[in-house]
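Following: one structure in structure tokens, then a few remarks.
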Amino acid sequence: MSAAPSLYRRHRPRNFADVVGQEHVVRTLTNAVTQGNVHHAYLFVGSRGTGKTSMAKILAACLNCEQGPTAEPCGVCDSCLAIQQAGSMDVIEMDGASHNSVDDIRELRESVAYAPVSGRSKVYIIDEAQMLTPQAWNAFLKTLEEPPPNTIFVLATTEPQKILDTVVDRCHRFDFGRPTVEQLTVVLQRVAQSESIEISPDALALIARHATGSFRDALGTLEQLVTYTGSSIAVEDVLAVLGVADDDLLFGALDAIAAHDARASLEIAARLAETGRDLQIAARDLEVHARELLVVGTLGGVPSELRVTPDRDARLAEQAERVDEADAVRLLDLLGVAMRAIRDGADPRTQLELSLVKAATPEVDASTKALLARIARLEAALGGAPAAPPAATPPAAAPPAAAAPAAAPAEAAPALAAAPSVEPEAPLAAEPPAATPVQPADPPAPATPAGSAAVAAAAAQPEPADAPEPELAPQPSAAAVAVTIEQVAEIWPAVLETISPDQSMVCAALARAQPVEMRAGNLVVAFAEDDSFNRRMVADNADARTVVGLALESLLGVRVKIEYELRDLGTAPEAQELAGDELVDRLLETFDAEEITAPPAAASTAGADDEAEVEQPDFADDGDPGPEGP
Numbered sequence: 001m002s003a004a005p006s007l008y009r010r011h012r013p014r015n016f017a018d019v020v021g022q023e024h025v026v027r028t029l030t031n032a033v034t035q036g037n038v039h040h041a042y043l044f045v046g047s048r049g050t051g052k053t054s055m056a057k058i059l060a061a062c063l064n065c066e067q068g069p070t071a072e073p074c075g076v077c078d079s080c081l082a083i084q085q086a087g088s089m090d091v092i093e094m095d096g097a098s099h100n101s102v103d104d105i106r107e108l109r110e111s112v113a114y115a116p117v118s119g120r121s122k123v124y125i126i127d128e129a130q131m132l133t134p135q136a137w138n139a140f141l142k143t144l145e146e147p148p149p150n151t152i153f154v155l156a157t158t159e160p161q162k163i164l165d166t167v168v169d170r171c172h173r174f175d176f177g178r179p180t181v182e183q184l185t186v187v188l189q190r191v192a193q194s195e196s197i198e199i200s201p202d203a204l205a206l207i208a209r210h211a212t213g214s215f216r217d218a219l220g221t222l223e224q225l226v227t228y229t230g231s232s233i234a235v236e237d238v239l240a241v242l243g244v245a246d247d248d249l250l251f252g253a254l255d256a257i258a259a260h261d262a263r264a265s266l267e268i269a270a271r272l273a274e275t276g277r278d279l280q281i282a283a284r285d286l287e288v289h290a291r292e293l294l295v296v297g298t299l300g301g302v303p304s305e306l307r308v309t310p311d312r313d314a315r316l317a318e319q320a321e322r323v324d325e326a327d328a329v330r331l332l333d334l335l336g337v338a339m340r341a342i343r344d345g346a347d348p349r350t351q352l353e354l355s356l357v358k359a360a361t362p363e364v365d366a367s368t369k370a371l372l373a374r375i376a377r378l379e380a381a382l383g384g385a386p387a388a389p390p391a392a393t394p395p396a397a398a399p400p401a402a403a404a405p406a407a408a409p410a411e412a413a414p415a416l417a418a419a420p421s422v423e424p425e426a427p428l429a430a431e432p433p434a435a436t437p438v439q440p441a442d443p444p445a446p447a448t449p450a451g452s453a454a455v456a457a458a459a460a461q462p463e464p465a466d467a468p469e470p471e472l473a474p475q476p477s478a479a480a481v482a483v484t485i486e487q488v489a490e491i492w493p494a495v496l497e498t499i500s501p502d503q504s505m506v507c508a509a510l511a512r513a514q515p516v517e518m519r520a521g522n523l524v525v526a527f528a529e530d531d532s533f534n535r536r537m538v539a540d541n542a543d544a545r546t547v548v549g550l551a552l553e554s555l556l557g558v559r560v561k562i563e564y565e566l567r568d569l570g571t572a573p574e575a576q577e578l579a580g581d582e583l584v585d586r587l588l589e590t591f592d593a594e595e596i597t598a599p600p601a602a603a604s605t606a607g608a609d610d611e612a613e614v615e616q617p618d619f620a621d622d623g624d625p626g627p628e629g630p
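Residues in the sequence shown are numbered from 1 upward in steps of one, following UniProt numbering.
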């Protein structure tokens with residue numbers, strides 16, 4: 001019993017009018033045949049199942065039809081029928097994968113020298129042309145450049161980059177695009193009507209989506225379904241044959257992620273596993289669905305290439321409005337990691353469940369993207385950060401007694417925390433407010449000249465009232481001003497723990513620093529005076545500043561600007577603190593490092609030497625008169 005021709009062979013397009021898509025190729029070849037300007041070599045480039053070989057056979061039929069040459073072959077003459085049945089002596093198909101040697105090309109060159117048998121032209125169709133070796137191409141190059149009269153070569157390939165440039169230059173190249181879901185559905189509907197197959201539009205759309213832009217795959221799946229169910233095909237039959245996930249499960253998985261429901265996500269994963277289908281295919285289907293949601297949410301509507309049926313399109317658009325784009329992006333990233341792990345041998349169900357749970361609950365994920373998702377959820381829950389209250393208008397003239405004397409920098413932060421409104425005439429956050437000078441009843445020190453005191457008093461005078469008010473930095477929010485240094489110091493170890501997985505070097509640098517004060521709503525993080533290297537590692541690195549700021553914001557619940565400075569922190573307390581720090585111990589163990597105590601500053605060393613020179617030891621008790629003094 002001989003096998004019947006497959007559906008895609010029986011329903012191969014016979015003329016240019018039957019071709020779906022590829023309008024640019026159809027128009028160019030039609031004009032070439034009509035004008036008698038057919039080139040001697042063509043290169044058809046495109047993915048599998050896009051119609052490259054069918055287009056080559058249509059061109060051969062146009063040239064050898066008994067009614068031609070014509071752009072509309074009759075399809076009933078002996079020449080057209082022989083081409084359709086692959087029996088024409090003038091249309092030679094050659095598989096480049098199995099005929100790729102120099103000997104095969106030598107035989108081809110010998111056959112090219114003979115005239116056509118019954119038609120006007122000899123057409124050589126070389127499929128999978130990229131499989132020919134460079135030596136074979138070099139042997140074929142001269143024949144391709146100057147073929148005998150009435151000889152045409154059509155090279156079909158899926159990988160044009162593997163073909164020699166000297167070959168591509170001698171051909172007219174046409175790129176075949178993948179058909180859309182709508183175009184595939186049209187072809188499937190036409191074939192189903194021709195074969196008396198009853199199939200629902202949803203089932204046709206599902207087959208078209210699964211074909212991924214291949215006419216041959218779509219018709220092959222339809223033929224497989226006919227063998228499985230007979231002449232009546234339902235959506236359930238398509239799901240069973242293809243092994244793809246049900247749309248209800250895909251929509252349910254994204255609904256659970258949008259609701260941040262880890263339990264529902266695990267239930268969806270369990271239902272996907274219970275179907276018995278390949279979970280790697282299920283992960284791929286979830287990836288496609290998340291990508292569709294991202295596209296629809298970004299474009300604000302369902303584009304033509306994603307349209308399947310009106311009901312599904314409406315459901316997709318409605319879900320895209322509810323699912324945050326950040327959740328869709330995170331799911332795509334997580335599924336990509338899961339699919340790579342599955343290919344490396346990891347358990348598919350575990351990887352799928354892990355991806356869904358991480359996408360639904362970012363707090364269990366320690367990555368930076370999960371941290372950003374948690375911050376976004378916090379901002380959404382709070383309805384945005386509260387705006388800073390308007391600054392109070394200062395009185396026209398304040399009595400001198402109302403002004404406080406100059407205070408230490410440590411007292412400036414509590415004052416700002418208690419009164420978040422900053423006076424307009426003192427916008428610089430880096431300097432404490434200047435105090436009103438007090439008339440010196442008693443001189444501060446007998447050794448200070450009167451002129452120096454006058455200069456210092458003049459420097460302490462405030463700016464005139466009519467001076468312009470510079471705006472060098474935006475005012476911090478009320479919530480940021482209310483943060484105290486004690487709160488920051490309490491969570492500082494947690495900040496280091498948060499950033500250590502992603503920025504280990506930055507974490508090691510920050511371990512040698514400490515938060516010292518809140519200044520006008522800004523956190524001041526200080527490094528030792530001789531530790532400018534670690535300060536630059538954090539302060540001059542935009543990514544590091546962003547990670548530290550996000551980690552601090554996630555723990556405080558408010559965005560705080562951070563300033564990095566060099567200060568005299570003292571070596572002994574710092575060494576004591578680092579010695580008992582768990583994070584530093586872990587870093588030393590991880591990197592097999594040792595802690596090095598920084599040498600004292602040059603100025604301090606010089607001061608100690610001077611003191612040693614002034615205070616000479618007393619040896620009178622030992623009976624040694626010692627060196628004579630000057």
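Note that beta-carbon positions come from the ideal geometry of N, C-alpha and C, so glycine has one too.
Residue span of the beta strand (DSSP E) that contains residue i, given as start and end
i: ARG12; result: It is not in any beta strand (DSSP E) - ARG12 carries neither H nor E in the DSSP assignment.
i: MET94; result: 91 to 95
i: ARG567; result: 562 to 567
i: VAL76; result: Looking at the DSSP string, VAL76 is not in any beta strand (DSSP E), and its letter there is neither H nor E.
i: LEU155; result: 151 to 157
Exposure label - residue i; buried when at least 16 CB within 10 Å
i: ASP585; result: exposed
i: VAL26; result: buried
i: VAL558; result: buried
i: PHE591; result: exposed
i: GLU110; result: exposed
i: LYS142; result: exposed
i: ASP311; result: exposed
i: ALA542; result: exposed
i: ALA56; result: buried
i: PHE533; result: exposed
i: ARG343; result: exposed
i: GLY21; result: buried
i: HIS531; result: A quick correction: the sequence has Asp, not His, at residue 531. ASP531 is buried by the Cβ-count criterion.
i: ALA435; result: Below a pLDDT of 50, predicted positions are generally treated as unreliable, and ALA435, at 43, falls in that range; no measurement from the model is reported.
Spatially closest choice to residue i from the options, by CA coordinates
i: GLY75; options: ASP90, ILE58, GLU553 and VAL91; result: ILE58
i: ALA346; options: LEU279, PRO362, GLU292 and VAL329; result: LEU279
i: ASP324; options: VAL308, VAL337 and LEU254; result: LEU254
i: GLN514; options: ARG567, MET537 and ARG536; result: ARG567
i: ALA359; options: VAL38, ALA256 and GLU318; result: ALA256
i: VAL33; options: THR70, GLY21, PHE44 and VAL187; result: THR70
i: residue 649; options: LEU249, SER554 and LEU294; result: Residue 649 is absent from the model: the chain starts at 1 and stops at 630.
i: GLU274; options: VAL112, VAL288, GLY220 and VAL244; result: VAL244
i: GLN161; options: GLU497, ASP247 and ASP175; result: ASP175
i: LEU272; options: PRO201, PHE153 and PRO348; result: PRO348
i: PRO134; options: VAL154, ILE163, PRO148 and PRO116; result: ILE163
i: GLU305; options: ARG284, THR350 and THR212; result: THR212
i: ILE125; options: LEU222, ALA139, LEU144 and ASN138; result: LEU144
Assigned secondary structure, residue i (DSSP; H/G/I helix, E/B strand, else coil)
i: MET518; result: strand
i: HIS39; result: coil
i: LEU132; result: coil
i: ALA454; result: Any reading at ALA454 needs caution, since the residue's pLDDT is 39, under 50, leaving its predicted position unreliable; the model's value is listed next. Residue state, collapsed to three classes: helix.
i: HIS260; result: coil
i: GLU292; result: helix
i: SER6; result: coil
i: SER54; result: helix
i: LEU555; result: helix
i: LEU164; result: coil
i: PHE591; result: coil
i: ALA513; result: coil
i: ARG173; result: strand
i: ASP255; result: helix
Where the alpha helix (DSSP H) through residue i begins and ends
i: THR185; result: 181 to 194
i: VAL226; result: 215 to 229
i: HIS99; result: Careful: HIS99 lies outside any alpha helix (DSSP H) and carries neither H nor E.
Supposed close pair residue i, residue j - CB separation, criterion 8 Å
i: LEU188; j: ALA218; result: 6 Å
i: ALA269; j: LEU356; result: 6 Å
i: LYS52; j: ASP90; result: That pair is no contact at about 20 Å.
i: LEU352; j: ALA282; result: 7 Å
i: VAL337; j: LEU316; result: That belief does not hold up - the Cβ atoms of VAL337 and LEU316 are roughly 25 Å apart, past 8 Å.
Residue i: CB within 7 Å of a non-hydrogen atom of the ligand FMN
i: THR166; result: Annotation note on the ligand FMN: not contained in the displayed structure, which lists no ligands.
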